[in-house]
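Chains as they are written, first to last, in this note's numbering: chain U, 7 to 262; chain B, 27 to 418. Beta carbons: idealized from backbone N, C-alpha and C, even for Gly. Notes for the one structure printed next.
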């Protein structure tokens, strides 16, 4: 049989163009020299990027996002990898239930998760605090780590650990020398997922962040709501570039 | 480590399970409980609540209840905690806030018998309906919020009835949310199917390139993409300029704040969510089915209708379910590009939390939203025999 039907390819190409066009337009527009946006742009300038890099509010938001994202990445990767390993090792009943439980935050409407955390965290004084915000992000980021590490564990041959043990390697050595070198791409991809999730998260941040804790998405939302400046397009383009790099990283890790 | 793998597994799982239990399951449980509990009256007016519970509910309560009400209201005002209880009662009947505040301010000047001085201050105190309302609000459980979230209320005698037409907003809201989600899901599946089929049919590296083009927007922030639409749809923005340039419009029109903008942007944001499960299923299909059909003389249309479409159905259902699930709870995109009449349930939950500080209503709407999401997940499992977590 010959390749796919030309009609299918044309339809797919059109939809893909629709999918990518808005982001590409934003990247082009972010170099606009004026506040009024024209396509095609009338001239190029780095004015809005300069504003993004020098304006205190944007700089602070970027720093907050990086701090929260790093904390979320470390916590989610640690807890998620441990849990995935536990799920892999323990062939106990109820494994499916636990996996469903671990991935439940992915399918719960974010607004419900956010509202619930806001309720519960206010009761114990965690709302509007940095630890509360990190905790909220970890909950929605950790399922990605679990799934990613489980996927790489599923291709790992358990016989290797038994072989290491039979050769007298204590468990920690077997893990460090045999298991870790084979599953680290899964862990690393999970870490990237976790960081990216935290960087992009908005709904939970809206409820859990304190008055001064502006992350990049929150600052963008505030900017749109108050008075939209093209700086937001520069911020969008930079976040888009970050997603592009994250995707390249996970694809490279997946091929390992 | 092989001696006690179960213990080790449990030790590895425990930290995350504890975290999820504390930071996710427990909060959601608190929300569910908040939707059905009434605590404001009991916590602010404990003695009155106890006396009213002992009251037979006929005519007016006894003198001690009047006295307790006058004293406790005055004390609540003094200690600045009257807002909660007055807001709770005012939510059920407009005018209760004014009644409670006036009574609380007059409290120190009132004298026994309170069964006479309270009605003299405001005739509402001589109305058994006022007292029944307060008694019913003394909890501990209530169906008020769950009923109100479906535009029902209770009469003073406790019968369920529809609220006044000018107050009925929620059934319209749920129908709108379902309708918008349905339209978005349909658009995503129809637009996404050819892309998924192309990803499955193309050879590397073209298939990877197409998949990459779907993953890229999937990975970029929902807020970034919504903001992009907000910028593009401005009155002086590129979309308006293009429409005018093409002669489709005489002058730029307002696009932000319309239903069309919400549908366009939401469908765009959720499109990758629909494509990925469909592509996942189609990539695993055995190409020999289509080859066999072709060798038997089936044309492209027949192969599409009889082979590819039915075999891709599990993926279509999974993609549609995932899209619908995200759409019913969607907040950012409608909030950014929609008008007041285009907002979905999620926006109202946020409003009740942030502006009205009415946690009961926010919780009740969350309960129904969770029910909708659960129903979608259950339907998917019923039709495909698989859960959502295994879908992508």
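- Assignment of residue 99/U by DSSP, reduced to helix, strand and coil, places it in the coil class.
- Leaving aside the five residues that flank residue 64/U on each side, the residues in its chain whose CB is nearer than 7 angstroms to its CB run, in chain order, 58, 225, 237 and 241.
- Contacts with chain U at 8 angstroms (Cβ-Cβ) include residue 395/B.
- If you check each beta-carbon in the segment 150-174 of chain U against every beta-carbon of chain B, the ones closer than 9 angstroms belong to 152, 153, 167, 168 and 171.
- By the CB criterion at 8 angstroms, residue 300/B and residue 218/B fall inside the cutoff.
- When DSSP states are grouped into helix, strand and coil, residue 377/B belongs to the helix group.
- At a cut-off of 8 angstroms between beta carbons, residue 76/B makes no contact with chain U.
- Taking CB atoms only, residue 392/B has a neighbour in chain U less than 8 angstroms away.
- If you check the CB distance, residue 129/B and residue 96/B come in under 8 angstroms.
- The beta strand (DSSP E) runs of length 3 or more contained entirely in the segment 43-91 of chain B do not exist; there are none.
- Looking from the CA of residue 104/B, the closest CA among 335/B, 205/B and 134/B belongs to 134/B.
- Annotation: Cβ neighbours of residue 248/B in chain U (cutoff 8 angstroms, chain order): 206 and 208.
- The beta carbon of residue 68/B does not come within 8 angstroms of any beta carbon belonging to chain U, so the residue lies off that interface.
- Taking C-alpha positions only, residue 240/B is separated from residue 103/U by approximately 31 angstroms.
- If you check each beta-carbon in the segment 277-310 of chain B against every beta-carbon of chain U, the ones closer than 8 angstroms belong to 294, 297 and 298.
- Between the beta-carbon of residue 125/B and that of residue 148/B there is about 6 angstroms, and that keeps the pair under the 8 angstroms contact cut.
- Remark: three or more beta-carbon pairs, one from each stretch, lie closer than 8 angstroms, so the segment 230-249 of chain B and the segment 13-33 of chain U are flagged as touching.
- By a beta-carbon distance limit of 8 angstroms, residue 119/B contacts residue 159/B. Their separation comes to about 6 angstroms.
- Two segments are said to touch when three or more pairs of C-beta atoms, one from each, lie closer than 8 angstroms; by this definition the segment 396-408 of chain B touches the segment 338-354 of chain B.
- DSSP lists 186/B as the bridge partner or partners of residue 180/B.
- Taking a C-beta distance under 8 angstroms as the contact criterion, residue 86/U and residue 145/U do not qualify as a contact pair.
- Proximity of the segment 69-89 of chain U to the segment 199-207 of chain U meets the contact definition, three or more beta-carbon pairs being nearer than 8 angstroms.
- For residue 339/B, the closest C-alpha among the options 285/B, 409/B and 292/B is that of 409/B.
- For residue 158/B, the enclosing alpha helix (DSSP H) stretches over residues 154-162.
- Apart from the 5 residues on each side of it in sequence, residue 161/B sits with its Cβ closer than 6 angstroms to the Cβ of 78 in its chain, given in chain order.
- With a threshold of 8 angstroms between beta carbons, residue 85/U makes contact with chain B.
- At a beta-carbon threshold of 9 angstroms, none of the residues of chain U lie near residue 171/B; the nearest stands roughly 13 angstroms away.
- Here residue 31/U has no same chain residue with a Cβ atom under 6 angstroms from its own Cβ, once five neighbours each way along the sequence are excluded.
- With a 10 Å radius around the Cβ and a threshold of 16 neighbouring Cβ atoms, residue 266/B comes out buried.
- Ranked by Cα distance from residue 50/U, the first of 34/U, 154/U and 62/U is 34/U.
- When the Cα atoms are used, residue 68/B and residue 178/B turn out to be separated by approximately 24 angstroms.
- Note on geometry: alpha-carbon atoms of residue 71/B and residue 110/B lie some 11 angstroms from one another.
- Boundaries of the alpha helix (DSSP H) harbouring residue 387/B: 385-410, taken from the DSSP string.
- Think of a sphere of 7 angstroms around the beta carbon of residue 256/B: the chain U residues whose beta carbon falls inside it are 230, in chain order.
- DSSP places residue 299/B in the helix class (H, G or I) of the three-state scheme.
- When CB distances to chain B are screened at a threshold of 8 angstroms, the residues of the segment 120-147 of chain U falling below it are 121, 122, 123, 124, 125, 126, 127, 129, 141, 142, 144 and 145, in chain order.
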